[in-house]
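Q: Can you read through this structure? Questions will come right after.
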Amino acid sequence: MAFVKDMLRMWAHSWKRFISIAMITLLGVAVLTGIYAGCRDAFRSTDRFFDAQGLHDVQVLSTAGLSNGDIAALRKVNGVAKVQAERSQEVTFDLDGRKSATMQEIGTNGIDQPYLQEGRMPKKAGEIAVTRKFIRDSGKRIGSRLTVTPESASSDTSDTNDTNGADGTNETNGTDEAPSFPTKLTIVGVVLDPQNLSNPDGYSAMTSFRSTATTDYTFFAPSDGVTGTLYTSATLLVKGAAAESTFDESYENTVKQVTDRIDGTVKTDRQKARRQELLDAGNKKIADARAEADKKFADAQSQIDANRQQFNQQVDQIVSMQAGAAAAGAAANGANAGAAAAAGATTPQLDETTRETMRETIIAASPELTQAKQQLDQAQSQLNEQKASTEQTLKTKENELKTSIPQVRWYVQDRQSLGGFSALKSDLDSIQSLGNAFPIVFLLVAVMMSLTAMARMVEEDRSLIGTYVGLGYGRLAVASRYLLFALLACLIGGGLGLIAGFLGIPAFLLVVLQGMYVMPGLRLEYDWLYGSLGIALFVVGVLAATIYACVQEMRQTPASLLRPKAPRAGSRILLERIRPVWNRMGFLSKVTARNIFRFKSRLIMTVGGVAGCTALIVCGLAINDTVADLGIKQYRDIYQYDLMVVSDDSDASAMRTKVASDGRVTSSLDVRIESGDLTVAGSGDGDSGKAGSSGSESIQLVAVPEKHLSDLGEMVTLQPVSSGILGTSGVGKTGSLKLDDDGVIVAQSAASALGVKAGSKVRLTNGDGVQATAKVSAVNRNLIGSDVYVSETYYAKLFDSKDAKNTKNSKSSEDSEALTWNAMLAKLSGSDTSQTDYAESLEEDSSVMKAVSCAHMADSFKFDLMGAVVALIVALAGGLALVVLFTLANTNVSERVREMATLKVLGFFDREVHHYVNREMMILPVMGVILGLPLGRLVGGMLTMALNMPSLYFEVEVKPLSYVIAAVATMAFALLVQLFVNPVLDRIDPISSLKSVE
């Protein structure tokens, strides 16, 4: 009992050490679990939401649309749980300028169901549900009406694979019709599209650029009122996929098995079958046209024949009458009346030659008959010409049919191809990678500080330990006093750390996340296993340090423990050997130098602990500086143009005329911009079409006119880059990079994520979904967005554009019909504000789809999530620095109580004692800061390299101010600790402190 009471008394006396160990554990556990828990809560809530709304696991698209046969074939694939055929149509409407939307049919098989936020789901024809983004942009509300106009090419299937029939109409085949939706609409609900969780008021709305291949909004309509038997896509749910977390590798493997089966057999067979259907439909149209033409020609020939027969009968009557009259006249002039009577009684018999001669004579003598004969001959001639022409046309169409219908391509995509899904996953993965790295530093510092504190605690009880051992207490029992002390401090600190880690930090992160994404049903959850392991990790580290400290003391005999520890033998320090410096130092300076460098363990612990905390602060500020400068570097330095204007292909000419007429442009470059995909060629089958594979990145494909390749460098800073280490990259000379016809120039942001470099082979997908393998000629410095620049000639070579071939030698790119230049890069006159206002005014023009001001983008680019995490890390690192300095300062004072008492006996005033001790306590943090600043840059570069996010490359930069802030913050903590230490120095009693322990 006395042993226990003494142990509790000892614990109470060492409350400062207890608080230090508990605080370090609290911070470490909070960092270890907090960021993990916040990301996990977001992952889980999103996964539950996806399962509830039936977000598809696989989506199948076809360049020729999908038929019922395709849907039936997909249902037979092993591992497919559900298949839903979907119909959609692109429409346009007037909303402060021409806007586009996708009319999406709400599936009836429970897949991709929109989440109702306000109002009700549409049920009748003409009713729609819209997204909150549309409500915000349009100012409309539930009950508002809207009229839309279907685009001329309302879906992929109606503009790329229609077969021209003999009559000139465009249809897919005799029975399949493209989807058609009602055009007079009424808003009845506001919904969240499960395929895009981006918050319309958050970061995405400010920084994302919608490329030409997408629409502005999505409208959801019921099946009622939707016509057409051709499907835009098919969405699938995979058996067993819902049981896995959509963000785990196990889910990806489950889905991949099904996509591989589709790619292996169904895809190839149905591509051939679908093309054959189109060929058969085309042949059937030609056959039907031929039969119809033959029927019409036969009817026309019958009519001509009937008219000619009537005409011949009329002429024959005249011939007969004339022949009869002639015969009667001849008989009247004869010798006997009997002969005359006989001649008058019978019709004269004319030979064919005579009859034909008479026919021609009669027709020639009569203008009416001549005109009638000419009309009959002309009608027959025209009919013959029409028959010959029609037959030739049909034969030509038969010959051209196979070449006019391209090969049908299927694209099998998983959830990774969804921009909203991949962005959320990448954001959370990147933040989680930070959460996995920083706790390592906290753990190392915790072990170091625990070793220092517990070693001093054990050393203070040296004689007491010797007494207990001498009285027969086992070494384990004696050591349990300190082990239980450290264990209790870890458990209390770890428990508080779990509260902060699973409640405080996640709540903070999720508030920021909800500003970027809409995540219904978000809730905080506790992970018993991870939380227990988090505490156990720090318990093991601290207990290991405590055991080491106990073993170092208790391996001695009780007699040795009962005697005071012999002072360290005097020795020279390195500075003493530098005579010019040493001789000029004062007495107290020499004492300070000896105290710092003779006690190497204290030197290592203090400098190492402070360096680690400083490095964490610098690392956090480095990430913040890197993110803060992304917009400035991209939109001020890399993009030299001030304005990007994009239009529909049909409005390209009007858009250029509009911009030119405004008189604001000082120079411009016409380009073509398409949204596409870049996949590492070795990551899969070149014809697989799986844009969601791990080696894939969404890109903005920029085609440049052949005659203006050199002008690209005036609009975009072209600098070749090569991968460096620790977040650095080698940047070549500005202007040393040129676009040519031998390859494409890939943005650094995409190249870094995929490991692409100059000379690599990649697979490009253009805006029409056509894929081609391209050579990367260079990697260009680029931080935001994934631009891929390609020349007009190389574009034609890659995507087999018939009209674009052989344009290199054409008179001008404007005169050629190779590509439609649907975008313009322009430099503007005027201030940043006027440029921003001009871009906003352009968006109101009906010919402009999107106008982007680089000045506005540079000022508005923000990355709130990363900024919040950095602020959290810096705050925790600052707290760790304060705890470390407090622990080391108290340990330093406790080790030198007799020294401080001696100084007081010698006549030192309290202020002089403060100065004597605090000088060392300031020099050691300064040494730690000097070591921690470059260490922070090193760690910051390594962590920044791990932040692979879609369309972003983090070019590490640490501003001088950040180094100053880190140094000043650390030294401020050191000064703050002095305020706590000085009263302890004042309370040292010289008499009791100098008493001999013997």
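This note's numbering numbers the first residue of the sequence shown as 547 and each following residue consecutively. Using N, Cα and C, we set each Cβ at its ideal position, and we do this for glycine too.
1) Mind checking Trp1367: buried by the 16 CB within 10 Å criterion, or exposed?
2) Since Arg821 and Gln953 are thought to touch, with beta carbons under 8 Å apart, how far apart are those beta carbons, to the nearest angstrom?
3) Mapping DSSP to helix, strand and coil, what is Lys1505?
4) Give me whichever residues DSSP pairs with Ser848 in a beta bridge.
5) Around the C-beta of Trp561, are 16 or more other C-beta atoms found within 10 angstroms, so that it is buried, or is it exposed?
6) When we look at the beta-carbon of Phe1526 and count the other beta-carbons within 10 Å, is it buried (16 or more) or exposed?
7) With a CB to CB cut of under 6 Å and the five nearest residues on each side skipped, what residues in its chain are close to Ser1332?
8) Take Met1468 and list the residues in its own chain whose beta-carbon comes closer than 7 Å to its own, dropping the five residues that flank it on each side.
9) If Asp603 and Arg961 are in contact, beta carbons under 8 Å, what's the gap, nearest whole angstrom?
10) Do you know how far the Cα of Asp1194 is from the Cα of Ser1393?
11) Whose CA, out of Leu1108, Ile864 and Ala1023, lies closest to the CA of Asn1093?
12) When we look at the beta-carbon of Pro1529 and count the other beta-carbons within 10 Å, is it buried (16 or more) or exposed?
13) To the nearest angstrom, how far is it from the Cα of Cys918 to the Cα of Gly828?
14) In three-state terms, what does DSSP make of Trp557?
15) To which residues does DSSP link Thr677 through a beta bridge?
16) Does Leu1540 pass the burial test, meaning 16 or more other C-beta atoms within 10 Å, or should it be called exposed?
17) In this structure, how does DSSP classify Leu980 when only helix, strand and coil are distinguished?
18) Let me check understanding here. Comparing Cα to Cα, which of Thr1152, Thr781, Arg1002 and Arg586 lies closest to Ser608?
19) If contacts are defined as beta-carbon pairs under 8 Å, then Leu1056 and Asp587 qualify, I think. What distance do you get, rounded to the angstrom?
20) Taking 7 Å as the cut-off, is the C-beta of Asp603 nearer than that to any heavy atom in the ligand GDP?
21) Taking only the alpha-carbon atoms, compute the straight-line gap between Phe505 and Phe564 and give it to the nearest angstrom.
22) Scan the segment 799-837 and note each continuous beta strand (DSSP E) run of 3 residues or more that stays entirely inside, going in chain order.
23) For Ile1537, count neighbouring Cβ atoms within 10 angstroms of its own Cβ and tell me buried if that reaches 16, exposed if not.
24) According to DSSP, is Arg1327 part of a helix, a strand, or is it coil?
25) Per DSSP, what are the beta-bridge partners of Thr764 in this structure?
26) Roughly how many angstroms lie between the CA atoms of Leu612 and Thr732, to the nearest whole one?
27) In the structure shown, what three-state DSSP assignment does Asp1286 receive?
28) Spatial neighbours of Lys1357 within its chain, please: C-beta separation below 8 Å, excluding the five flanking residues on both sides.
29) Quick one: which unbroken beta strand (DSSP E) runs of 3-plus residues sit fully inside the segment 553-641? Chain order, please.
30) Report the rounded CA-to-CA distance for Thr1319 versus Thr1225, giving the unit in angstroms.
31) Determine, using beta-carbon pairs with one atom in the segment 1395-1409 and one in the segment 1173-1185, whether at least three such pairs fall under 8 Å.
32) What is the C-beta distance between Arg633 and Val772, in whole angstroms, given that I count them as a contact (C-beta under 8 Å)?
33) Would you kindly work out how many angstroms separate the C-alpha atoms of Gln1098 and Ala1035, rounded to a whole number?
34) Look at the Cβ atom of Lys645, then the Cβ atom of Asp762, and state whether they are nearer than 8 Å.
35) Would you mind working out which of Arg687, Leu1037, Pro1480 and Glu1122 sits nearest Gly1597, comparing C-alpha positions?
36) Can you tell me whether Leu1507 is buried or exposed? The criterion is at least 16 other CB atoms within 10 Å of its CB, across all chains shown.
A: With the structure as the only source:
1) buried
2) 6 Å
3) coil
4) Answer is none; Ser848 lacks a bridge partner.
5) exposed
6) exposed
7) Glu1243, Ile1245, Ala1293, Ser1295, Ala1296 and Ser1497
8) Ala1520
9) 7 Å
10) 7 Å
11) What sits at residue 1093 in the sequence shown is Ile, not Asn. Minimum Cα distance to Ile1093 is reached at Ala1023.
12) exposed
13) Per the sequence shown, the amino acid found at residue 918 is Ala instead of Cys. Taking the straight line joining both Cα atoms gives about 42 Å.
14) helix
15) Val737
16) exposed
17) helix
18) Thr781
19) 6 Å
20) This structure lacks the ligand GDP, and indeed carries no ligand of any kind.
21) Outside the displayed span of the chain (547 to 1544) sits residue 505, for which this structure offers no information.
22) none
23) exposed
24) coil
25) Thr648
26) 29 Å
27) coil
28) Confidence at Lys1357 is low in this model, with a pLDDT of 36, below 50, so its placement is unreliable and the value that follows should be read with caution. For Lys1357, where only same-chain residues beyond five positions count, there are no Cβ hits under 8 Å.
29) 604-612, 626-632 and 634-640
30) 9 Å
31) yes
32) 6 Å
33) 22 Å
34) yes
35) The displayed coordinates of the chain run from 547 to 1544. Any statement about residue 1597 would go beyond what the structure contains.
36) exposed
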